[in-house]
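Under our numbering, the sequence shown is numbered contiguously, ending at residue 279.
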Amino acid sequence: MNPVVIAVAITGSVPRKKDNPAVPILPPEQVESTRDAFEAGATLVHIHVRNDDESSSSDPERFRQVQEGVRRLCPGMIIQFSTGGRGRDPSQRSSALSLRPDMASLSTGSVNFPTIVYENHTTLVQDMAGKMQEFGVRPEIEIFDLSHLHGARRLADKGLLDERPHIQFVMGVQNALPAEERLLDLLLNEAKHLFPACTWTAAGIGRHQAQVMEWALARGADAVRTGLEDNIRVTKERLATSNAELVSLATDAVRRHGRRVATPEEARRLLGLNLAG
């Protein structure tokens, strides 16, 4: 059975405590939530940090606190920082990369979000990709539109990205890619055309989380993503109690598809990372 990496996006930049009290905001909460998710089967954690008022932050000290706590309590877990732009000064989006997390998200083009334009100017993207190379941070390429795959190809052609990138298709964001199965096939075919050796995953936003996960697993995805950043509910009527509960549902999905959850060591090999962590 081929192993599957379970990634947990613990916080994000949008959900607040008023939306779901389980959303971890402060670094100690984030560490505790990650530990519980790790014990439930997650082997990669995607980290945003917040200010005390729950607004988005780029504070390297907060990233450091979460990273140190996760490394201490979750041996071998892959640590991935967000360089996403919602509510963050563009000049600060890569400010925590010097902490050398295992991975960081990298969006390769701009896209409409519900209330903002998520702006990723070419020079900014190239600068962030260069900093990831400088600090030995492996990017996860975030695809919100078909053109973003070609943005990634241009980075590779400039020597800023290798030929085996880890690619994530993000589906179900209002005004961006709809969560439709035929679109996943289109995206996956194009990704494999541009990067035959890539690894890949897909994230479904909100009510689409479970469905997109099923589509990805049916197509042999290397990883799946879950977590309170993307979805705060288990059903329309019930909020998720924790990131760990969402991870447990993901592990059930993996097993339904005849796969098994990757260990930290397997996850690192699969994504081309140092086994030492």
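Beta carbons are placed, not taken as given, at the ideal position from N, Cα and C, and that holds for glycine.
Based on Cα-Cα distance, which residue from Met-173, Phe-197, Gln-32, Leu-190 lies nearest to Arg-64? The sequence position of residue 64 within the sequence shown is 62, counting from 1. The shortest Cα separation from Arg-64 among Met-173, Phe-197, Gln-32, Leu-190 belongs to Gln-32.
Which two residues bound the contiguous alpha helix (DSSP H) that contains Gly-132? For this step, residue 132 is matched to residue 130 along the sequence shown. Counting along the chain, the alpha helix (DSSP H) containing Gly-132 begins and ends at 124-136.
In the structure shown, what three-state DSSP assignment does Asn-4 receive? Translated into positions along the sequence shown, residue 4 becomes position 2. Reduced to three states, the DSSP call for Asn-4 is coil.
Who does Thr-201 pair with in a DSSP beta bridge? Position 199 of the sequence shown, counted from the first residue, corresponds to residue 201. The partner list for Thr-201 (beta bridge, DSSP) reads His-168.
What does the alpha-carbon distance come out to for the pair Gln-176 and Val-113? The sequence position of residue 176 within the sequence shown is 174, counting from 1. The sequence position of residue 113 within the sequence shown is 111, counting from 1. Taking C-alpha positions only, Gln-176 is separated from Val-113 by approximately 10 Å.
Between which two residues does the alpha helix (DSSP H) carrying Pro-287 extend? Given that the chain is displayed from residue 3 to residue 279, the structure contains no residue 287 and the question cannot be resolved.
Can you grab the Cα-Cα spacing for the pair Arg-95 / Ala-106, in whole Å? One-based indexing of the sequence shown puts residue 95 at position 93. One-based indexing of the sequence shown puts residue 106 at position 104. Each residue's alpha carbon lies about 11 Å from the other.
Please determine if the segment 39-54 and the segment 257-274 are in contact, where contact requires at least 3 C-beta pairs separated by less than 8 Å. yes
For Val-25 and Thr-13, the rounded distance between their alpha carbons: Taking the sequence shown and counting its residues from 1, one reaches residue 13 at position 11. Taking the sequence shown and counting its residues from 1, one reaches residue 25 at position 23. Thr-13 and Val-25 have their C-alpha atoms spaced approximately 6 Å apart.
Asn-114 - partner residues in DSSP beta bridges: For the purposes of this step, residue 114 is identified with residue 112 of the sequence shown, where counting begins at 1. In DSSP, Asn-114 forms a bridge with Val-119.
Whole angstroms are fine: how far does the CA of Ile-118 sit from the CA of Cys-200? Numbered from 1 along the sequence shown, position 198 holds the residue referred to as residue 200. Numbered from 1 along the sequence shown, position 116 holds the residue referred to as residue 118. Straight-line Cα distance between these residues: approximately 30 Å.
What residue range does the beta strand (DSSP E) around Val-175 cover? To locate residue 175, count along the sequence shown from 1; it is residue 173. No beta strand (DSSP E) contains Val-175, which DSSP labels as neither H nor E.
Can at least three beta-carbon pairs, one atom from the segment 184-196 and one from the segment 226-234, be found at a separation below 8 Å? no
Under the DSSP definition of a beta bridge, which residues are partnered with Ser-109? Start at 1 with the first residue of the sequence shown, and residue 109 comes out as number 107. Paired residues: Glu-144.
Alpha carbons only, please: which of His-48, Cys-76, Gly-111, Ala-98 is nearest the one belonging to Pro-62? Along the sequence shown, one-based indexing puts residue 62 at 60. Cα-wise, what sits closest to Pro-62 is Ala-98.
Report the residue from His-152, Tyr-120, Val-68 whose alpha carbon sits nearest the alpha carbon of Gly-89. Start at 1 with the first residue of the sequence shown, and residue 89 comes out as number 87. Checking every option, the nearest Cα to that of Gly-89 belongs to Tyr-120.
Endpoints, beta strand (DSSP E) assigned at Ala-225: Locating residue 225 in the sequence shown gives position 223, where the first residue counts as 1. Run containing Ala-225: 225-228, per the beta strand (DSSP E) assignment.
Using the three-state DSSP reduction, which class does Ala-11 fall into: helix, strand or coil? If you number the sequence shown from 1, residue 11 lands on position 9. In this structure, DSSP gives Ala-11 an extended state, which the three-state scheme calls strand.
Comparing alpha-carbon positions, which option in Thr-36, Asp-38, Val-10, His-50 lies nearest Arg-18? Numbered from its first residue, the sequence shown carries residue 18 at position 16. It is His-50.
Cβ neighbours of Arg-52 in the same chain (closer than 7 Å, five flanking residues each side left out): Working through the sequence shown from its first residue, we reach residue 52 at position 50. If we look at Arg-52 and ignore the five residues flanking it on each side, its Cβ neighbours are Thr-13, Ile-27, Ser-58, Ser-59.
According to DSSP, Ser-59 sits in a beta bridge with which residue or residues? Numbered from its first residue, the sequence shown carries residue 59 at position 57. Answer is Val-51, bridged to Ser-59.
Compute the Euclidean distance between the alpha carbons of Val-6 and His-152, then round it to the nearest angstrom. By one-based count along the sequence shown, residue 6 stands at place 4. By one-based count along the sequence shown, residue 152 stands at place 150. Rounded to whole angstroms, Val-6 to His-152 spans 26 Å at the Cα level.
Counting pairs of beta carbons, one from the segment 233-243 and one from the segment 203-220, are three or more of them closer than 8 Å? yes
Does the separation of the CB atoms of Met-130 and Leu-108 fall below 8 Å? Your numbering for residue 130 matches position 128 in the sequence shown. Your numbering for residue 108 matches position 106 in the sequence shown. Yes, the Cβ-Cβ distance between Met-130 and Leu-108 is below 8 Å.
Counterpart residues of Arg-235 in DSSP-defined beta bridges: The residue you call residue 235 lines up with position 233 of the sequence shown. According to DSSP, which records beta bridges pairwise, Arg-235 is partnered with Leu-241.
Measuring CB to CB, does Ile-81 end up less than 8 Å from Gln-69? In the sequence shown, residue 81 corresponds to position 79, counting from 1. In the sequence shown, residue 69 corresponds to position 67, counting from 1. Going by C-beta atoms, Ile-81 is nearer than 8 Å to Gln-69.
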